[in-house]
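The block underneath contains the structure these notes are about, expressed in structure tokens.
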Amino acid sequence: MIEAEAPKVKRVVGILYPGEDCLAWTLEGLTRLWGEPELVSGPFPFDRTDYYRDIAPRLLRRFVCFPGLADAGELADWKHASHELEEESARFAGRTLRAVNIDPGYVDGARLVLASTKDHAHRIWLRDGIYAEVTLRWRFGRWVSFDYTFPDFKSGLYDEFLSAARRRWLEARRLHDA
Numbered sequence: 002m003i004e005a006e007a008p009k010v011k012r013v014v015g016i017l018y019p020g021e022d023c024l025a026w027t028l029e030g031l032t033r034l035w036g037e038p039e040l041v042s043g044p045f046p047f048d049r050t051d052y053y054r055d056i057a058p059r060l061l062r063r064f065v066c067f068p069g070l071a072d073a074g075e076l077a078d079w080k081h082a083s084h085e086l087e088e089e090s091a092r093f094a095g096r097t098l099r100a101v102n103i104d105p106g107y108v109d110g111a112r113l114v115l116a117s118t119k120d121h122a123h124r125i126w127l128r129d130g131i132y133a134e135v136t137l138r139w140r141f142g143r144w145v146s147f148d149y150t151f152p153d154f155k156s157g158l159y160d161e162f163l164s165a166a167r168r169r170w171l172e173a174r175r176l177h178d179a
């Protein structure tokens with residue numbers, strides 16, 4: 002029998018939101034779940050797809066990185082918790098549908114992994130309706146995409162934030178291993 006501890010990773014979350022009030026509400030909810038964010042990106046326009054028009058016609062994206070190291074084996078739990086927060090956002094915004102989209106994942110030395118509820122050939126089943134996708138990989142000192150990588154991630158727009166989160170992971174690993 003193989004027994005191994007799950008890798009320790011840096012938890013990151015992507016948030017799609019229509020306005021600052023929804024962002025502030027979401028950050029409060031995420032803080033209750035995983036602690037005060039140690040890194041929050043600036044806003045990025047989210048205009049490469051209209052897939053999330055149910056939220057709003059114009060959306061922004063921000064990324065958040067949380068303190069410490071997390072257990073990669075809990076990714077499915079993070080997705081379920083973020084989904085509950087999305088459902089609560091409808092009540093906050095006085096709507097019947099969610100007001101935000103929250104995509105949890107993690108960064109380590111080699112990859113950005115995102116959780117999804119949607120199956121596809123490049124996604125791996127975890128459990129309880131959740132899949133994992135390696136969205137980007139770290140290679141030769143930079144983020145590299147795959148043919149299936151979402152266009153906004155492929156563009157390099159988020160690379161600076163993801164690299165900062167990766168550096169935080171490296172620092173936390175050094176402290177953890179010391």
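So the mapping is simple: the working numbering equals the position in the sequence shown, first residue as 1, plus 1. Even glycine gets a Cβ: it sits at the ideal position worked out from N, Cα and C. These figures come from a predicted structure and were not determined experimentally.
Within the model, the alpha-carbon separation for Arg112 versus Gly15 is close to 15 Å.
In the three-state reduction of the DSSP assignment, Gly74 falls in the helix class. For Thr136, the uninterrupted beta strand (DSSP E) run begins and ends at 131 to 140, by DSSP. Residue range 143 to 146 is occupied by the beta strand (DSSP E) that includes Ser146. Exclusion of the five residues before and after Phe162 leaves Ser42, Phe64 as the residues of its chain whose Cβ lies within less than 6 Å of its Cβ. In the DSSP assignment, Gly15 forms a beta bridge with Phe64, Asp104.
Counting C-beta pairs with one atom in each stretch, the segment 70 to 90 and the segment 98 to 106 have three or more that are closer than 8 Å, which means they touch. Put simply, the backbone Cα of Phe93 is about 33 Å away from that of Leu137. In the DSSP assignment, Ser117 falls within the beta strand (DSSP E) that extends over 112 to 117.
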